[in-house]
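Novice: Letter by letter, the sequence shown follows residues 1 to 191 in UniProt numbering. Idealized CB from N, CA, C, for every residue including glycine.
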Amino acid sequence: MTDQKVNGWEAFCVRETGSPSSSLLCEVLTEKSITAFSFRQHAKTLWYDRPRYVYLEFCVENSRDVKVDIKKKKVVFSCVNEDNIQMCNEIELYDTVQPLDSREKRSDRSITCFLRKWNEKVPWPRLTKENYKPAWLFIDFDNWRDWDTEEEGEMAMAEHYLDLINSAKDKGEPPCMDDLDDLDVSLLTYF
1 MTDQKVNGWE AFCVRETGSP SSSLLCEVLT EKSITAFSFR QHAKTLWYDR PRYVYLEFCV
61 ENSRDVKVDI KKKKVVFSCV NEDNIQMCNE IELYDTVQPL DSREKRSDRS ITCFLRKWNE
121 KVPWPRLTKE NYKPAWLFID FDNWRDWDTE EEGEMAMAEH YLDLINSAKD KGEPPCMDDL
181 DDLDVSLLTY F
């Protein structure tokens, strides 16, 4: 291993082979870059789909230095957690989103992103452009809904509401309440 100075920092250059004509593989290592490199992790990420938005939740408790960059086809997230470990996720999205209409919200437990879809009412079969799922990415089944079932459920609720209104109309006149002023006053003063 050969040591040499580069811009005031120590660089460790290692020859790939023993021959003098081979190229050198050099990497400048500082205390900061060693820490960032060796302790960078992906944040656990939950997602679910709605007709107008795709929701992302980066599960990092007590985060600081939060940065969320929402682009048309990509989301880049980074922060530092309570153990001073840098969390970083980069997601190439399945479809296009509207960055100016997308938002993020930070809480003590997570950072939630609301990504406005470019093509509304088009379901996303997955979050990522690639057809594989990273180990840190999960579907948020607590918030997931099937769109077909959701529309049927809304229609059933609307029909039920109309039935209630119609049944209230069919009951006739309300009962006579002329005897309400005959209440015993002693019951009212008891409390």
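Just curious, the beta strand (DSSP E) that Arg103 is in, first and last residue?
Specialist: Indexing the sequence shown from 1 puts residue 103 at position 103. Looking at the DSSP string, the run of the beta strand (DSSP E) that includes Arg103 is 97-106.
Novice: Using the three-state DSSP reduction, which class does Asp69 fall into: helix, strand or coil?
Specialist: Taking the sequence shown and counting its residues from 1, one reaches residue 69 at position 69. Asp69: strand per DSSP, three-state reduction.
Novice: Let me check one thing: in DSSP terms, what residues is Ile91 bridge-paired to?
Specialist: Within the sequence shown, residue 91 is the residue found at index 91, counting from 1. Answer by DSSP bridge pairing, in chain order: Val75.
Novice: Which two residues bound the contiguous beta strand (DSSP E) that contains Asp49?
Specialist: Translated into positions along the sequence shown, residue 49 becomes position 49. Element bounds for Asp49: 44-49.
Novice: What does Arg64 pair with, by DSSP beta-bridge criteria?
Specialist: Looking up residue 64 in the sequence shown gives position 64. The partner list for Arg64 (beta bridge, DSSP) reads Val80.
Novice: By Cβ distance below 6 angstroms, which residues in the same chain neighbour Val90 in space, the five residues on each side in sequence not counted?
Specialist: The residue you call residue 90 lines up with position 90 of the sequence shown. Note on identity: in this sequence residue 90 is Glu, with Val being the wrong assignment. Correct list, in chain order: Val76.
Novice: When you compare only the Cα positions, how much space is there between Glu173 and Ser167?
Specialist: By one-based count along the sequence shown, residue 173 stands at place 173. By one-based count along the sequence shown, residue 167 stands at place 167. Between Glu173 and Ser167, the C-alpha separation is close to 13 angstroms.
Novice: With Asn143 and Asp108 assumed to form a contact (beta carbons below 8 angstroms), what rounded beta-carbon distance in angstroms separates them?
Specialist: In the sequence shown, residue 143 corresponds to position 143, counting from 1. In the sequence shown, residue 108 corresponds to position 108, counting from 1. In fact, because the Cβ distance is near 19 angstroms, the residues do not count as touching under 8 angstroms.
Novice: Could you have a look at Cys176 and say whether DSSP puts it in helix, strand or coil?
Specialist: Position 176 of the sequence shown, counted from the start, is the residue given in the question as residue 176. Three-state DSSP puts Cys176 in coil, outside helix and strand.
Novice: From Pro20 to Arg40, what does the alpha carbon distance come to, in whole angstroms?
Specialist: Against the sequence shown, residue 20 aligns to sequence position 20. Against the sequence shown, residue 40 aligns to sequence position 40. Its pLDDT being 40, under 50, Pro20 is placed unreliably in this model, and the coordinates cannot settle the point.
Novice: So which of Gln98, Asp65, Thr112 has the shortest CA-CA distance to Asn84?
Specialist: As a first step, residue 84 must be located in the sequence shown, where it is residue number 84. Closest by alpha carbon: Asp65.
Novice: Let me check one thing: in DSSP terms, what residues is Glu57 bridge-paired to?
Specialist: Along the sequence shown, read from residue 1 onward, the residue named residue 57 stands at position 57. Note: Glu57 sits in a beta bridge opposite Leu46, Thr112.
Novice: Decide yes or no for the touch test of the stretch 96-114 against the stretch 123-141: beta carbon pairs closer than 8 angstroms, at least 3 of them.
Specialist: no
Novice: If I measure Cβ to Cβ from Asp140 and keep anything under 8 angstroms in the same chain, skipping five residues before and after, which residues do I get?
Specialist: For the purposes of this step, residue 140 is taken as the residue at position 140 of the sequence shown. Leu46, Trp47, Tyr48, Tyr55, Glu57, listed in sequence order.
Novice: Would you say Asp95 touches the ligand GTP, meaning its beta carbon is less than 7 angstroms from a heavy atom?
Specialist: Of the ligands one can find in the structure shown there are none, so the ligand GTP has no counterpart to examine.
Novice: Since Ile70 and Cys113 are thought to touch, with beta carbons under 8 angstroms apart, how far apart are those beta carbons, to the nearest angstrom?
Specialist: Working through the sequence shown from its first residue, we reach residue 70 at position 70. Working through the sequence shown from its first residue, we reach residue 113 at position 113. 7 angstroms between Cβ atoms; contact.
Novice: Tell me, please, which residues DSSP counts as bridged to Phe138.
Specialist: The count along the sequence shown starts at 1 and reaches residue 138 at position 138. Paired residue(s): Leu46.
Novice: Taking the alpha carbon of Tyr53 as the point to measure from, which residue in Asp163, Lys129, Thr96 has its own alpha carbon closest?
Specialist: As a working mapping, residue 53 is identified with position 53 in the sequence shown. Minimum Cα distance to Tyr53 is reached at Thr96.
Novice: Cβ atoms of Pro51 and Glu120: under 8 angstroms apart, would you say?
Specialist: Translated into positions along the sequence shown, residue 120 becomes position 120. Translated into positions along the sequence shown, residue 51 becomes position 51. Yes, Cβ-Cβ distance for Glu120 and Pro51 is below 8 angstroms.
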